[in-house]
Structure formats: structure tokens, C-alpha cells
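Numbering (this note's numbering), first residue to last: 324 to 532. Each remark here refers to the structure printed beneath this line.
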């Protein structure tokens, strides 16, 4: 099965064909692309790391259950938000899934429109994660271009130290510190210590549901 990855898509896994069909119809009426699977095994065999969107996953499935499927996705560093579909007796399992990082759970019988709303919210989180991931990759690439000495100077700049203090601490001249500072700003594509700190703060950000 070939799936386009340029736009968000809902990946629905449920062994109840009626639920899959009804949910797929509701998603498509709201212009949301979706693909359905009747088992976690088939979904996991098809899953690709570059897929974009969210996963709608029934907790109770024949074969591999939803929670075990979720654990496998976590182990494989899947970043797609997961919405669990649960029966009344599965609430505690759903809460445990939330603690592991699931986006949400929806209890059966559910309102299809409300579930689609949660899918759209999960898309927003997925987009945020992808943007931050792209930003992190670009920043880490810039960081890798710094020499060990430039990293030392950068760390002291981020601590708010003036050039003279940095020079004394590293036993180098003020002119050398100034040259390092200029190279750091050029490589990191910033114009000030404040911008540098703001840029590196992106590496510590983590989106939440």
C-alpha cells in the first residue's frame, strides 16, 4: 500500500468493519484523508516513519491489542499522536496510555463529529512536532559546525559573561574572544547573545497535547 506523506492523514485501526467504514466516511466528508486497517499487525507492517497525521487506535483488537501496538510504535520512535477508541471497561487502560504519551481517548459509543474534531486537534500537534523537529535538526547542524573552542566560548556567552571575563577564564586574548564570538554568531545565524539563547531554547521545547 502506497500512501502520500505530504499532507496529514488519519490512520484508523479497528477490527469492527462498521466502525471503520462509518468513521472513514465522516472523515472524508470533512476533507480528511484516511486509511483503515482491521488489525494492528497489518498497520505495523505498513507503517513508515515519515507518515504525517494521527493514529486512531482501538484498544481491544484481535491479535496484537491496541496498547501493545502503541508500545511498539513508541519503541520505534513514532511521533504520530494516537487517539484511542475505548469501551467503558477500558477507561483505566486508556488512562495508562495517556501517561505513556497518547494524545487522547474517546469512549464508545462516540459522536463521530467529536472524534473528527479530536483528529484535527491531533493534526495540529503533529504539525507542531514536525516544525520543532525541523528547527532542531537545523540548529543541531549549526552547532556541529562550531569548533570545540567556539563551544567553550558560546557556553560562557550564554552565561552572560563579558569578553574580558571569557578571555581571563580561557586564558586567551580579548581579540581572540571577539573573533570567536563573531564566528559563533555567523555560524549560528544570530546577531546577539539574546538571539543565540532564544535559538538554543528551541532544543528544550517539547509540544504537549
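We put the CB at the ideal spot given by N, CA and C, even for glycine.
Pull up the CB-CB distance for residue i and residue j, whole angstroms please, since I reckon it's below 8 angstroms.
i: residue 489; j: residue 500; result: 5 angstroms
i: residue 503; j: residue 472; result: 7 angstroms
i: residue 511; j: residue 465; result: 5 angstroms
i: residue 428; j: residue 376; result: So it is not a contact: roughly 18 angstroms between Cβ atoms.
Check whether the Cβ atoms of residue i and residue j sit closer than 8 angstroms, and answer yes or no.
i: residue 408; j: residue 443; result: no
i: residue 523; j: residue 480; result: no
i: residue 413; j: residue 383; result: yes
i: residue 497; j: residue 487; result: yes
i: residue 349; j: residue 439; result: yes
How would you call residue i, buried or exposed, if buried means at least 16 neighbouring beta carbons within 10 angstroms?
i: residue 405; result: buried
i: residue 485; result: exposed
i: residue 340; result: exposed
i: residue 460; result: exposed
Return the residue from the list the options that minimises the CA-CA distance to residue i.
i: residue 533; options: 341, 396, 515, 521; result: Because the chain in this structure spans residues 324 to 532, residue 533 falls outside the shown range and cannot be described.
i: residue 403; options: 372, 412, 413, 433; result: 372
i: residue 358; options: 341, 378, 339, 352; result: 378
i: residue 458; options: 525, 394, 435, 477; result: 525
i: residue 289; options: 445, 411, 447; result: In the structure displayed, the chain extends from 324 to 532; residue 289 sits before or after that span and is not available.
i: residue 527; options: 445, 456, 427; result: 456
i: residue 426; options: 467, 415, 449; result: 449
i: residue 493; options: 510, 505, 509, 475; result: 475
i: residue 393; options: 336, 519, 469; result: 336
i: residue 356; options: 338, 478, 331; result: 331
i: residue 517; options: 467, 477, 470; result: 477
i: residue 436; options: 352, 519, 467; result: 352
i: residue 452; options: 334, 374, 338; result: 374
i: residue 354; options: 333, 509, 399; result: 333
i: residue 468; options: 509, 434, 400; result: 509
Is there a Cβ of chain D sitting closer than 8 angstroms to that of residue i, yes or no?
i: residue 511; result: Protein chains in the displayed structure number just one, and chain D is not present.
Next on the checklist: Does the structure place the segment 340–349 close enough to the segment 417–424 that three or more beta carbon pairs sit under 8 angstroms?
Outcome noted: Under the three-pair Cβ rule at 8 angstroms, the segment 417–424 does not count as touching the segment 340–349.
Item to check | Cβ pair count under 8 angstroms reaching 3, the segment 381–394 against the segment 355–369 | outcome: At 8 angstroms Cβ cutoff, the stretches touch.
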